[in-house]
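Residue numbers (my numbering), protein chains in the order written: chain P, 4 to 501; chain V, 4 to 791.
Worksheet: one structure, shown below.
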Amino acid sequence: MGDAVNPTLRFLHDGNIVEIDHAAPTRTVLQWLREDRMRCGTKEGCAEGDCGACMVVVASLNEEATTLDYRAINSCIQFLPTLHGKELITVENLSPAAGPLHPVQQALVDCHGSQCGFCTPGFVMTLFAMYKSGAPEARSDIDDALAGNLCRCTGYRPIIDAARRMVTLERPAGRHAQPHGAATSDEERSAIETLRALNDERSLHTESRKGTFAAPTDVDAFARLYAAEPHRRILAGGTDVGLWVTKDYRDIDDVLYIGNVEALRDIAVTDTVIDVGAAVTFTELMRVLLDDYPELTDLFRRWASPPIRNAATLGGNIANGSPIGDSMPALIALGTRVLLRHDHDTREIDLESLYIDYQVNDLQPGEFVKRIRIPRRRPDQLVASYKLSKRFDQDISAVCAAFSAQVEDGRTQHIRIAYGGVAGVPKRALATEAALIDKSFDEATVRAAMAVLDEDFSPLTDMRASADYRATATRNLLYRFFAEATGLGATDVYTYAR
Amino acid sequence: MRAERELELRKAGDDASDASRVDGAVGTATPHDSAVLHVNGRATYTDDIPEPRGLLHAAFGVSTEAHARIRGMDLSRVEAAPGVVAVITASDVPGPNNYGAVIADDPILAEDEVVYAGQPVFAVAATTVDAARRAARLADIDYEPLEAILDPETALERESFVLPSTTLARGDADMAIANAPHRLTGTARVGGQDQFYLEGQISIAIPREGGDLFLYSSTQHPGEIQHSVAKALGLAQKDVTVECRRMGGAFGGKESQPALIACTAAILAQRTGRPVKLRLDRDADMIITGKRHDFVSHYEVGFDDTGRILGIRYNHASRCGASADLSGAVNDRAMFHSDNAYFLEHVAIDSHRCKTHTVSNTAFRGFGGPQGMFACEQVVDDIARHLGRDPLDVRRVNFYGTDSRNVTPYGQTIEDNIIAEIVDQLEASTDYRDRRREIEAWNAKSPVLKRGIALTPVKFGISFTATHLNQAGALVNVYTDGTVQLNHGGTEMGQGLFVKVAQVVAETLQIDLSRIRCTASDTSKVPNASATAASAGSDLNGMAARNAAEKIKRRLTGFAAQHYGCDEHEVRFDNNEVHVGGETLSFAELVHAAYMARVSLSAQGFYKTPKIDYDKTTLTGRPFYYFAYGAACTEVVIDTLTGENRMTRVDILHDCGRSLNPAVDLGQVEGGFIQGAGWLTTEELWWNPRGDLKTHAPATYKIPCASDLPPDFRVTLLESSENREDTIYKSKAVGEPPLMLGLSVFHAIRDAVAACSADPKHAPELEAPATPEHVLDAVMTARGDTRV
Ligand SMILES: Cc1cc2nc3c(=O)[nH]c(=O)nc-3n(C[C@H](O)[C@H](O)[C@H](O)COP(=O)(O)OP(=O)(O)OC[C@H]3O[C@@H](n4cnc5c(N)ncnc54)[C@H](O)[C@@H]3O)c2cc1C
Ligand code: FES
Ligand code: FES
């Protein structure tokens, strides 16, 4: 089973099944829409996932194949074959050219939410995804939902107002105008049926002049194929890989898509670990991980933006191993281990030992990240992770720090510290940990340990920050951890200003 | 943690008290004319226009060096790349190889020297976008690197300028400073800013017949595109037509530099005989096109015990980049706004227009004004801190007077000064004094977080400083069914110009807005139009359109009087109807009858701004028709461990005169403020030591996000205000002035930094943008810490 292949890409759009026989592996959804379909409502503002002008909504079957999940994603970096078995919804689908507007659209008009209008279709689709998944009321939740959409004209106030207003408006007929929680319409039921039929047992495997796209559904088939063809580029959410194509014009001929491998998309929680499949997206990860570690809520909320989190996987973040990746410091501090697989063989290593040098990791040809094992929370464990960047939302860290500690009777019994942005890889602060362990957890010790951080890291200057700033902030974040843990009351400006 | 506060907003009401009953009359908060098309994805931007048959796509090949001589160029791999149809270099430009609008120092394609990293050296046309962009990377160019000047201070030292330095002086500044009871010197540093319009630069050139050319261009200035393309192609202006229905944002970035894009597409189109589209991707756009100028301004000021400025000397140095572009006028405006709202009796302003080997900077909302005001506000703030006085008090003692102390350094008497009223009103409504006291007490108890507050004024001069640009044309066509097409020389970039001008015509002709369609800006309909810039769009085009509509109305009135045998004053247009003596007929019926009687139903309108008169050589006279005013009060919190900062509350009171459309104007105020706040906080341009701009995409260049809108945001348009000059329905320009309300954010952060010092008179050394790094630097200096 799992070996029968299907050469034809199929997905639902405009209520019809789109069939593409020789789908190129790295053609983006946006290119397909604008260039092949002349569907120009969806815009390109950056082609790197950062502005949201290209936002579309992808509806996919839930696990039981009974309802649809509606998720906003950035079509500019999403490769078309990843839509296989799903439904693509674009701004034109929300209302007929001359017909009544969708409540999301009407709310934006009512609130004067567009000026130049170029960002607007993207906001419409983000708001539509909100509308379909339970629209938030609180300002900070709306901000979070909008974190992946830039508007240069309005200053956002009217768009935020529209987000509140849209649920209060009269709903025209049609499936898309029915909000979260409404009974499943006939139209939607038929979409569900169609998607069920498209999601047969066979794996997609397209061939074209531009290369191939293999999307096994079975993990053994995946492992076998990768071991046999290690030149293939594993594609997960494509939030790194997509940019290699759209920004660097790199050729990627043969893609091995991990997103359809059922066995890598689950999270198993045991007494000791949160065991995360490599293809689990950040959106799904947060639902589980933050129950154990609510202190990491802000970190993950600021991890990219909802549409990127809807696509990006934990496995991709870890395998990519960027020194400025934001999950690694926290996961290293928590003592995470990763399960690697090559064909039939697996091995488990500490996350930090995966990273050898700048853009060099311990993965062997044909070997991939299978699971990520994050320890469950221990009672009395102190946990924190801080991200420093120029902008609060959707920015890359200048410095990212993470701490896990256990203090008993005023002494540090356990401490793990890891940083991103201050070395060629995400890295533990071993010397600093040594300066704290088994010592009194007090201001003098912490101040002494702050000086030791300079031994652990030697940051560089770039457009995000100077080496000096990074070094100072690295030390000060340890102080912030101490101050917060000991109730000195140093909360951060974001919490304060909310 | 504080409870979340609801977003509080007071909006100007929909009712303009004396507006007539037509739908969308002047003064109503009617939606943007394209609002529905924006939200349903059916508004057509240049890249959305159905592509003509045989279209080729173009891309630039660019310099990898900041300054170098080109020794040789091998483009054979580019030419051989799949899909490539044509490759051009400087020698292929038929006319003069230049698109500089003011001075001929902007080659379309570099000749033997490159002057910034990213400068176009050649261009490719290929069958697909992808093919063109990939091919453009295959060139082999042999450079002989030359010394590069990468910042304005070095340029100043080396006397590297794009234009001669200029001085504006009145009285005897040096003497006044020398004799003053107090003196200070200081330096204000403010970074540049990328326009970051969401739609990148784009143009499509389509050869038609007999050598003529039609272009779509995303431009604020179709007329100049027409003129530049004609010149570059060796054609006459009559042979080129340019159209622009809308831009996806512009903010000044599409004033002069779209000519580079359009000329290149046009040359390739002429050469291949095929339509050519040149669309820059985001990185190319940010690397190849200019931004707001960063400024370093030294000042020396003398003042009395109250903080009143007695004498002041400024020395501004701005990064113009590699060519002059619009830098002359930008820097002039910076000089004209170095007073902000303050009377500077003895003043000397030196302005150096520095030439650097970086991209040529250009217009950006405010056009130098914000940088002049930035320096000025720092002076006032420094004075206040030096004297230990509340900065608001020092601001106030320096305000221009109404009857005396009311002449600007350039000799214009300010006749419409309302800044004191605005600031008084805002001070009261924000509880400024109580909050300042409360903040001081709070800061004393908070070691890590510090709060700050600032209330800053804005005065901004309206008109192009180049007097000849203050003219506009419009075309109004009435059809026999009584509907109207309206065209004018202005362009729509999101600012709501089209709807405002349509409202003017609706009001004038007394017909519903829905009967009027604004058509694309088009050089064949209104010739030689000025750029839509300097906030003057609705002032100029509204007047021109009213002039055209009135001509038609007069003809219809004359016809009606004659036809129905009554006096002309008995003909009254009112709410889609026309009352003629005792009779009432619909507007459409009258129009149809007039058509049958062979009355012309089309009219050109024209307008030129009165009163302005300005001598470019002495920098004196009346460059501005009037001034726009506003004020903002911002409160912030900063983290002294990391420099992170946040706005917590913002109050704005802004004067739009009698607003043509309060919804549109409110949008300009709010959007302008946030853009100004972004300029001064998160938006940082960063070049590496080789002169490569490394912040060239949204991943690295951070404009504000939704969460950057303050949790408590109260914006009010000044009530019962009207322009004292005879502008269109007594409204005021609103495009640029609100950007400078963002200065309050910077000064609130400065205030919070000052609270970190043990010395109550410490003047923070804060550079803009106030990134976490710059704030932390300033905090550590305030505390007497060194960082490493
Ligand atoms: C707008 C934007 C914002 C971003 N913000 C952040 C941020 O705030 N913090 C942050 O850390 N990152 C951020 N990123 C980076 C990116 O989202 C992450 O690195 C992401 O986790 C990558 O996951 P993916 O599933 O998209 O991986 P892909 O792009 O599909 O793959 C990334 C790399 O990992 C390999 N790979 C993927 N899965 C596996 C596997 N299971 N085994 C072996 N190799 C594998 C791929 O071959 C590729 O080399 C951002 C990206 C964008 C576009
Ligand atoms: S185009 Fe900017 S996010 Fe896709
Ligand atoms: S309306 Fe112009 S970018 Fe949002």
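Quick reminder that beta carbons are idealized off the backbone N, C-alpha and C, glycines included.
Here the structure is a predicted model, which means the values were calculated and not measured.
Delimiting residues of the alpha helix (DSSP H) encompassing residue i
i, result
"V/K453", "Here V/K453 belongs to no alpha helix (DSSP H); instead the beta strand (DSSP E) covers L452 to I465."
"V/Q273", "P261 to T275"
"V/T182", "In the sequence as presented, Thr is not what sits at residue 182 of chain V; that position holds Asn. Taken as a continuous stretch (DSSP letters only), the alpha helix (DSSP H) holding V/N182 covers A176 to N182."
"V/H657", "From DSSP, V/H657 is part of no alpha helix (DSSP H) but of the beta strand (DSSP E) over N648 to H657."
"V/I519", "It is not in any alpha helix (DSSP H) - V/I519 instead sits in the beta strand (DSSP E) that spans I519 to C521."
Enclosing beta strand (DSSP E) for residue i [first to last residue]
i, result
"P/R355", "A small correction: the amino acid at residue 355 of chain P is Glu; Arg does not occupy that position in the sequence shown. From DSSP, P/E355 is part of no beta strand (DSSP E); its letter is neither H nor E."
"V/M599", "Element bounds for V/M599: not the beta strand (DSSP E) but the alpha helix (DSSP H), F590 to M599."
"V/S168", "F164 to R173"
"V/N480", "Q474 to V481"
"V/P123", "P123 to A129"
"V/M76", "A71 to D77"
"P/Q416", "R414 to G423"
"V/P665", "Taken as a continuous stretch (DSSP letters only), V/P665 belongs to no beta strand (DSSP E), being part of the alpha helix (DSSP H) at P665 to L683."
"V/H60", "L59 to V65"
"V/S220", "L216 to S220"
Option nearest residue i by Cα separation, candidates the options
i, options, result
"V/F2", "V/R137, V/E424, V/E687 and V/G670", "No answer is possible for residue 2 of chain V: the residues shown for chain V start at 4 and end at 791."
"V/A853", "V/P225, V/A631 and V/L171", "Outside the displayed range of chain V (4 to 791) lies residue 853 of chain V, so it cannot be described from this structure."
"P/G125", "P/D146, P/A437, P/A101 and P/V60", "P/V60"
"V/G681", "P/E191, P/Y159 and P/N263", "P/Y159"
"P/R235", "P/I321, P/G369 and P/I377", "P/G369"
"P/L433", "P/S325, P/A421 and P/D441", "P/A421"
"P/D17", "P/P99, P/S206, P/A271 and P/L71", "P/P99"
"V/S163", "V/D26, V/A325, V/S94 and V/L58", "V/A325"
"V/E739", "V/Q506, V/V65 and V/R336", "V/R336"
"P/T171", "P/Q109, P/D329, P/D459 and P/S206", "P/Q109"
"V/P34", "V/A505, V/D197 and V/E114", "V/A505"
"V/V382", "V/D437, V/L313 and V/E114", "V/L313"
"P/A68", "P/N96, P/L334, P/S193 and P/C57", "P/S193"
"V/I209", "V/R282, V/N364, V/A269 and V/F402", "V/A269"
Residue i and residue j closer than 8 Å at C-beta
i, j, result
"V/D419", "V/Y629", "yes"
"V/E116", "V/I144", "no"
"P/V363", "P/L354", "no"
"V/L489", "V/I456", "no"
"P/A488", "P/S211", "no"
"P/V112", "P/F131", "no"
"V/A536", "V/A366", "yes"
"V/D50", "V/A700", "no"
"V/Q229", "V/T522", "no"
"V/L721", "V/I677", "no"
"P/F121", "V/Y704", "no"
"P/A476", "P/V402", "yes"
"V/L271", "V/A139", "no"
Beta carbon proximity, residue i to chain C, threshold 8 Å
i, result
"P/H115", "The structure shown contains no chain C; its protein chains are P and V."
When you get a sec, list the residues whose CB is within less than 6 Å of any heavy atom of ligand 2, chain order please. P/E47, P/G48, P/C49, P/A50, P/G52, P/D53, P/C54, P/G55, P/A56, P/C57, P/N77 and P/C79
Is the region 103-120 of chain P touching the region 488-503 of chain V in the sense that three or more CB pairs, one from each, lie closer than 8 Å? yes
Is it true that the region 521-532 of chain V meets the region 578-591 of chain V, where meeting means three or more beta-carbon pairs spaced less than 8 Å apart? no
Within the chosen definition, does the region 384-398 of chain P reach the region 448-459 of chain P through at least 3 CB pairs nearer than 8 Å? no
Taking three-plus beta-carbon pairs below 8 Å as touching, is the region 73-90 of chain P in contact with the region 165-174 of chain P? no
Would you check if the region 584-600 of chain V and the region 631-640 of chain V touch, i.e. whether three or more CB-CB distances between them fall below 8 Å? no
Please confirm if the region 319-328 of chain P is in contact with the region 234-251 of chain P, defined as three or more CB-CB distances below 8 Å between the two stretches. yes
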